[in-house]
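Quick notes on the structure that follows.
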């Protein structure tokens with residue numbers, strides 16, 4: 020629904036704010052402004068909680084991925100080895116299932132849709148609800164410059180698993196250079212700058228947007244219900260941008276860990292070879308970590324590879340996806356060695372991501388300590404598109420609310436329990452998530468501190 | 067509005083030297099078309115960010131010292147101050163072209179007020195104009211294509227689009243851009259409600275240079291050419307297929323389409339048999355032919371009679387788009403012919419598809435035909451693969467980069483096959499079989515109609531398509547004739563009666 024606004028008031032803000040703008044503020048922020056235990060600013064404002072997702076396509080090789088024991092101090096199997104150096108920062112959840120309740124298992128689609136929406140899709144193009152990151156962003160995403168940041172290390176503009184609906188997919192950044200410009204370009208306000216002067220142009224931009232809403236009210240009055248909803252979505256986006264511009268007019272809260280990246284960022288050419296994707300992922304990760312440290316967003320989504328992974332290894336005529344179907348299982352190793360090589364690279368990417376978050380100091384710990392990251396793939400064994408036992412991770416302790424370092428046994432419970440848990444932890448007011456066999460009403464309390 | 071419609075509209079109004087660095091958010095393909103999917107897409111915050119940024123950039127350029135002299139039709143009394151009269155004049159002129167109708171008094175007053183307030187803030191007249199113009203460019207009245215309907219006086223009880231909405235539909239279809247001043251004037255005078263007036267404007271637009279961009283827009287969408295944004299080949303297996311080759315392959319398809327359908331006025335079906343194309347130096351290395359570069363590097367080229375290449379199916383564009391990064395794919399090519407060109411649906415593979423025969427390390431499958439034949443001994447696989455493979459195998463003499471070859475792993479490649487019972491010997495024969503297929507004609511008609519009206523065709527419109535075909539079967543499927551038969555039909559501007567009163571308006575983000 021449209022929020023009724025008073026156009027005169029909006030334009031009064033324009034006149035008054037510009038007339039009275041330009042107030043210089045000088046408030047250097049140092050760690051001494053934190054409270055004694057470093058978990059909140061001295062005034063009592065808690066450090067921000069962040070939520071993010073990290074996705075990779077085409078599952079794992081369970082034989083060399085799933086640890087033999089549960090709980091803490093488990094032994095790392097071969098495919099998990101890259102994660103051993105960050106073992107204290109994440110949980111592995113295995114033996115959770117996606118159940119289709121008789122619906123078709125759409126290859127490389129049903130699994131991730133269920134883990135993002137809580138519901139398995141009825142068709143290959145349907146998305147039954149908003150993705151959970153959007154629900155979380157609605158709760159915690161305000162007050163920062165961007166409600167969420169979406170990144171595709173593949174460089175492919177369609178690789179997004181974040182959406183309000185099937186008709187409203189959140190577009191990802193596909194270039195590290197463009198991502199840098201978006202965050203740290205001319206409109207960036209350094210939260211640690213000594214002086215702050217509200218930008219008069221920002222005020223004018225905000226005023227223009229207010230005028231657009233006012234002008235377009237008559238359009239909405241003339242539309243049928245379906246079109247009205249679309250125009251309302253448009254206005255919602257405009258109001259959100261207005262809100263962000265309003266945020267830009269305030270002195271940003273200090274962020275001692277914020278260091279604006281310097282130096283030239285090189286464009287990585289279009290391509291799905293693993294080397295390029297890995298480089299793109301690392302560049303985007305480094306920038307994202309600093310965007311988070313600089314309070315530019317509280318919600319993010321990273322796609323390492325798409326659900327039908329078309330990643331290639333230079334010189335091989337078969338993509339990762341083709342290999343999962345055409346490569347024989349090595350009877351000695353029990354895996355498809357060439358397909359497995361791609362999974363190894365994805366897990367290395369995940370380890371890099373966790374480490375990057377963990378090595379960025381913030382308050383009493385790290386950026387990761389104040390975050391919750393939900394990571395998953397689209398199936399367990401890509402060769403047969405199995406939905407049973409899709410592996411999932413969490414990373415981060417969310418301001419001390421979570422334990423990490425555990426391997427959790429799902430005991431064949433619905434995999435939606437983790438998405439439900441994430442939403443509950445981030446404050447989404449819901450008592451269940453999902454439908455039919457996938458309805459989750461209990462949290463994965465084993466990870467609670 | 068699509069990205070290309072945005073770019074063409076801005077360019078038409080303000081000139082080609084205004085840089086437009088916008089990238090629209092991807093939309094879902096519906097009924098085979100992005101243009102239809104866009105009709106239900108919504109503008110997310112991330113998408114709006116890009117649109118607002120582009121709006122500011124365009125507005126700044128239009129009003130900067132370099133452009134204002136010839137783009138702003140009046141001069142303020144004092145540049146340092148607001149001048150509402152001049153702002154009103156400029157915003158009314160430009161707003162009419164952007165909104166595709168005159169601005170209402172309330173809309174214009176609001177924009178003039180914004181211009182005045184921003185000017186009075188210290189930025190002066192042109193700064194004020196910049197902000198007011200950016201407001202026009204980010205307005206849903208510009209970015210969402212809405213259509214007004216009214217009772218049709220010629221057919222009591224029925225509804226039709228208003229003149230301005232007719233102009234909008236016509237212009238986005240034929241020019242991929244908003245109506246120009248002449249078309250808006252014709253709409254204003256009610257000429258588009260009159261058969262002669264409609265014909266006069268339609269023929270003018272079909273004859274204009276902008277018609278080529280309208281044709282490009284349809285075929286870029288219909289042939290799924292946006293996929294080339296991400297087509298990349300393995301640099302070791304196909305070292306000559308650089309990222310730039312993908313862009314040129316897309317351009318070659320579009321130049322061939324324009325050359326045949328706009329310049330030569332060929333029948334649509336000839337796209338699949340023609341030996342003529344346009345060639346760039348980069349593509350010449352993939353085709354292994356010699357060309358003397360023409361203007362912009364492109365030169366006409368005709369494959370000699372008897373050459374394995376004839377028609378779009380044998381161009382590097384189609385062949386590399388529907389292939390893997392490191393090898394060809396008969397299945398992908400066959401599926402694309404079925405789904406894209408013939409509007410047929412090929413079912414998805416089952417989740418537990420069994421590749422055990424193909425995987426057998428002792429098997430010696432040297433060609434795709436042998437590999438797929440083995441795979442298709444499984445009845446589960448066979449059902450769908452029989453829809454795709456006999457077609458795709460006809461193109462197997464072209465590798466994943468579109469390069470010609472006669473052998474695969476030392477074995478000769480057999481490019482013969484059948485298309486719906488019609489046998490062919492090679493790729494050129496496949497093109498001819500496609501040319502003669504009734505489904506090809508039905509498909510392009512239904513896609514073009516959906517593209518034109520911005521929504522999926524309904525079941526009740528199947529009779530309409532039969533009517534279109536009956537008109538075209540005799541004279542041929544020349545593209546302009548396909549458009550004429552649609553535009554001049556009673557159905558084209560007809561509108562469904564509104565369910566509720568009074569909402570005589572529908573909006574579509576096209």
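Residue numbers (our numbering), protein chains in the order written: chain G, 20 to 468; chain L, 67 to 576.
Glycine included, C-beta positions come from ideal geometry on N, C-alpha and C.
Here the structure is a predicted model, which is why all the values come from computation and not from measurement.
Cut-off 6 Å between Cβ atoms - residues of its own chain near residue i, not counting five sequence neighbours on either side
| i | result |
| --- | --- |
| residue 224(L) | 218 |
| residue 328(G) | 76, 77, 339, 340 |
| residue 90(L) | 69 |
| residue 26(G) | Reliability fails at residue 26(G), whose pLDDT of 29 lies under 50, so the model's placement of it is uncertain and the value that follows must be treated cautiously. Closer than 6 Å at the Cβ level, and outside the excluded window around residue 26(G), lie 233. |
| residue 299(L) | 307, 391, 467 |
| residue 129(L) | 192, 195, 196 |
| residue 44(G) | With a pLDDT of only 31 at residue 44(G), under 50, the local geometry of the prediction cannot be trusted, and no value is derived from it. |
Proximal residues of chain L, C-beta to C-beta of residue i below 9 Å
| i | result |
| --- | --- |
| residue 189(G) | 91, 110, 111, 112, 113 |
| residue 352(G) | None at all; the shortest Cβ gap to chain L is about 14 Å. |
| residue 324(G) | Chain L residues near residue 324(G): none, gap ~13 Å exceeds 9 Å. |
7 Å CB neighbourhood of residue i in its chain, flanking five on each side removed
| i | result |
| --- | --- |
| residue 50(G) | Here residue 50(G) scores only 31 on pLDDT, less than 50, and its place in the model is too uncertain to base an answer on. |
| residue 143(L) | 149 |
| residue 351(L) | 306 |
| residue 105(G) | 370, 373, 374, 377 |
| residue 64(G) | At residue 64(G), the pLDDT of 49 sits below 50, so the modelled position is not reliable and the matter cannot be decided from this model. |
8 Å contact criterion, which residue i and residue j should meet: CB distance rounded
| i | j | result |
| --- | --- | --- |
| residue 126(L) | residue 234(L) | 27 Å between Cβ atoms; not a contact. |
| residue 426(G) | residue 90(G) | 6 Å |
| residue 206(L) | residue 238(G) | 6 Å |
| residue 116(G) | residue 466(G) | Not really, about 18 Å apart at Cβ, beyond 8 Å. |
| residue 140(G) | residue 153(G) | The Cβ separation is near 16 Å, so there is no contact. |
| residue 408(L) | residue 322(L) | With 8 Å as the limit, residue 408(L) and residue 322(L) do not qualify as a contact, their Cβ atoms being about 20 Å apart. |
| residue 172(G) | residue 323(G) | 5 Å |
| residue 96(G) | residue 83(G) | 5 Å |
| residue 213(L) | residue 231(L) | 4 Å |
Residue i: contacting residues in chain L (beta-carbon distance under 8 Å)
| i | result |
| --- | --- |
| residue 313(G) | In chain order: nothing, as chain L lies at least about 18 Å away. |
| residue 341(G) | 390 |
| residue 392(G) | Under the 8 Å cutoff, chain L gives no residues; its nearest Cβ is about 20 Å from residue 392(G). |
| residue 260(G) | 111, 114, 115, 118 |
| residue 169(G) | 112 |
| residue 143(G) | 414 |
Per-residue contacts from residue i into chain B (C-beta, under 8 Å)
| i | result |
| --- | --- |
| residue 403(L) | No chain B appears in the structure shown, which is made up of the protein chains G and L. |
Contacts that residue i makes with chain G (C-beta to C-beta distance below 9 Å)
| i | result |
| --- | --- |
| residue 128(L) | Residues of chain G passing the Cβ test: none, with the nearest at roughly 15 Å. |
| residue 303(L) | 333, 334, 335, 336 |
Cross-chain neighbours of residue i in chain G, by beta carbon under 7 Å
| i | result |
| --- | --- |
| residue 106(L) | 186 |
| residue 298(L) | 289, 290, 291 |
Own chain residues within Cβ distance below 8 Å of residue i, not counting five before or after
| i | result |
| --- | --- |
| residue 472(L) | 463, 478, 479 |
| residue 185(G) | 144, 145, 146 |
Within chain L, the residues that residue i reaches when beta carbons sit closer than 7 Å
| i | result |
| --- | --- |
| residue 71(G) | Going along chain L, no residue has its Cβ under 7 Å from residue 71(G), so there is no contact; the nearest lies around 16 Å. |
Residues that residue i contacts on chain G, provided the C-beta gap is smaller than 8 Å
| i | result |
| --- | --- |
| residue 173(L) | 234 |
Problem set entry | alpha helix (DSSP H) segments (min. 4 residues) lying fully within the region 145-216 of chain G | Scanning the region 145-216 of chain G from its first residue to its last, the whole alpha helix (DSSP H) runs of 4-plus residues come out as 151-159, 195-203.
Exercise. What are the uninterrupted segments assigned as beta strand (DSSP E) that are 3 or more residues long and contained completely in the region 479-544 of chain L, given in chain order?
Worked result: DSSP assignment within the region 479-544 of chain L yields the following whole beta strand (DSSP E) runs of 3 residues or more, N-terminal first: 483-485, 488-490.
Exercise. Can you give, in chain order, each stretch of the beta strand (DSSP E) that sits fully within the region 294-370 of chain G and has at least 3 residues?
Worked result: 318-322, all fully within the region 294-370 of chain G.
Exercise. Looking at C-beta atoms only, is the number of pairs between the region 267-287 of chain L and the region 236-255 of chain L that lie closer than 8 Å three or more?
Worked result: As far as the Cβ criterion goes, the region 267-287 of chain L touches the region 236-255 of chain L, which means the pair count is three or higher.
Problem set entry | Three or more C-beta pairs below 8 Å linking the region 251-263 of chain L and the region 281-297 of chain L | Touching, no.
Exercise. Between the region 77-90 of chain L and the region 107-119 of chain L, do at least 3 Cβ pairs fall closer than 8 Å?
Worked result: Verdict: yes, contact present.
Problem set entry | Contact between the region 155-168 of chain G and the region 289-297 of chain G (3+ Cβ pairs under 8 Å) | Too few Cβ pairs lie closer than 8 Å, so no.
Problem set entry | Three-pair Cβ contact test at 8 Å for the region 181-195 of chain G versus the region 343-351 of chain G | The region 181-195 of chain G and the region 343-351 of chain G do not touch, with fewer than 3 CB-CB distances between them shorter than 8 Å.
Exercise. Contact between the region 298-316 of chain L and the region 299-306 of chain G: three or more CB pairs below 8 Å?
Worked result: When C-beta atoms of the region 298-316 of chain L are compared with those of the region 299-306 of chain G, fewer than three pairs fall below 8 Å, so the two segments do not count as touching.
Exercise. Do the region 175-186 of chain L and the region 154-165 of chain L meet, that is, are 3 or more Cβ pairs less than 8 Å apart?
Worked result: They touch, by the three-pair rule.
Exercise. Given 8 Å as the limit, is there contact between the region 407-415 of chain L and the region 444-451 of chain L, that is, 3 or more CB pairs closer than that?
Worked result: The region 407-415 of chain L vs the region 444-451 of chain L: in contact.
For this session: Say whether the region 405-413 of chain G touches the region 388-397 of chain G, bearing in mind that this needs 3 or more beta-carbon pairs closer than 8 Å, one atom from each stretch.
Result: Note that the region 405-413 of chain G touches the region 388-397 of chain G; at least 3 beta-carbon pairs, one per stretch, sit closer than 8 Å.
Exercise. Just checking, does the region 434-450 of chain G make contact with the region 114-129 of chain G on the three C-beta pairs under 8 Å criterion?
Worked result: With the rule of 3 Cβ pairs closer than 8 Å, the region 434-450 of chain G counts as touching the region 114-129 of chain G.
For this session: Could you tell me whether the region 338-346 of chain L touches the region 365-377 of chain L, where touching means 3 or more Cβ pairs closer than 8 Å?
Result: Short answer: they touch.
Exercise. Which full runs of the alpha helix (DSSP H) of 4+ residues lie inside the region 299-382 of chain L, going along the chain?
Worked result: Inside the region 299-382 of chain L, DSSP marks whole alpha helix (DSSP H) runs of 4 or more residues at positions 309-323, 347-353, from first to last along the chain.
For this session: Assess, as a yes-or-no matter, whether the region 451-461 of chain L is touched by the region 388-407 of chain L under the definition of 3 or more beta carbon pairs within less than 8 Å.
Result: Yes, they touch.
Problem set entry | Segments of 3+ residues assigned as beta strand (DSSP E) that fall wholly inside the region 101-147 of chain G | Whole beta strand (DSSP E) segments, 3+ residues: 109-113.
For this session: Kindly confirm or deny that the region 452-461 of chain G and the region 76-84 of chain L touch, where touching means at least three C-beta pairs closer than 8 Å.
Result: The way I'd put it, the region 452-461 of chain G doesn't touch the region 76-84 of chain L; fewer than three beta-carbon pairs between them come closer than 8 Å.
Problem set entry | the region 129-138 of chain L in contact with the region 221-233 of chain G per 3-pair CB rule at 8 Å | No, the region 129-138 of chain L is not in contact with the region 221-233 of chain G.
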